[in-house]
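Okay, structure first, notes after.
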Amino acid sequence: MKILVVDDDALAGEMTAAVLEGMGHDYVLAENGVEAMDKLGDDGPFDMVISDMNMPLVSGIDLFRELRGQGVTLPFILLTGDDPAGPKAEEPNLDACLLKDFSLEESLPQLMQEVLARRG
Numbered sequence: 000m001k002i003l004v005v006d007d008d009a010l011a012g013e014m015t016a017a018v019l020e021g022m023g024h025d026y027v028l029a030e031n032g033v034e035a036m037d038k039l040g041d042d043g044p045f046d047m048v049i050s051d052m053n054m055p056l057v058s059g060i061d062l063f064r065e066l067r068g069q070g071v072t073l074p075f076i077l078l079t080g081d082d083p084a085g086p087k088a089e090e091p092n093l094d095a096c097l098l099k100d101f102s103l104e105e106s107l108p109q110l111m112q113e114v115l116a117r118r119g
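0 is the number of the first residue of the sequence shown in numbering that gives the first Met the number 0; add one for each residue after it.
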């Protein structure tokens, strides 16, 4: 799969990318929501978006809403340093929200499989 990773923290973005690379996926990194929108048009097609929640200019939830507003229905996983129940309650149509912590290497692959299985 080709996955767009959106994170304003370069180290966190690289960590997410390393997990994806270890799973055999291709990825493109974007530093913010505005750049993500550009990359979706320029570097696509993508199979999934994995985005940080708290970013300047455009938050992860705002990016999700913008994409859905434009008719983009890619699976969307939101990563957050806070309780993932909050963003999921704020935006129930999110495919998934995951705590961004040391267990990402184990939890992200499992969550990706669950999201794809739900979407059939």
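Backbone N, C-alpha and C fix where the C-beta goes; we use that ideal spot for every residue, glycine too.
The Cβ-Cβ distance between leucine 115 and proline 74 falls below 8 Å. Alanine 16 is classed as buried because its beta carbon has at least 16 other beta carbons within 10 Å across all chains shown.
Judged by DSSP secondary structure, methionine 36 falls within the alpha helix (DSSP H) whose first and last residues are 32-41.
Leaving aside the five residues that flank aspartate 94 on each side, the residues in its chain whose CB is nearer than 8 Å to its CB run, in chain order, Pro74, Phe75, Ile76, Val114, Arg117, Arg118.
In the three-state reduction of the DSSP assignment, valine 48 falls in the strand class. Taken through DSSP and simplified to helix, strand or coil, phenylalanine 75 comes out as strand.
In its chain, beyond the 5 residues on either side, Lys1, Ile2, Leu3, Val4, Lys38, Asp42, Phe45 have a beta carbon closer than 8 Å to the beta carbon of valine 27. Between isoleucine 49 and leucine 78 the beta-carbon gap is near 6 Å, inside 8 Å, which marks them as a contact. Remark: C-beta atoms of methionine 22 and proline 108 approach each other more closely than 8 Å.
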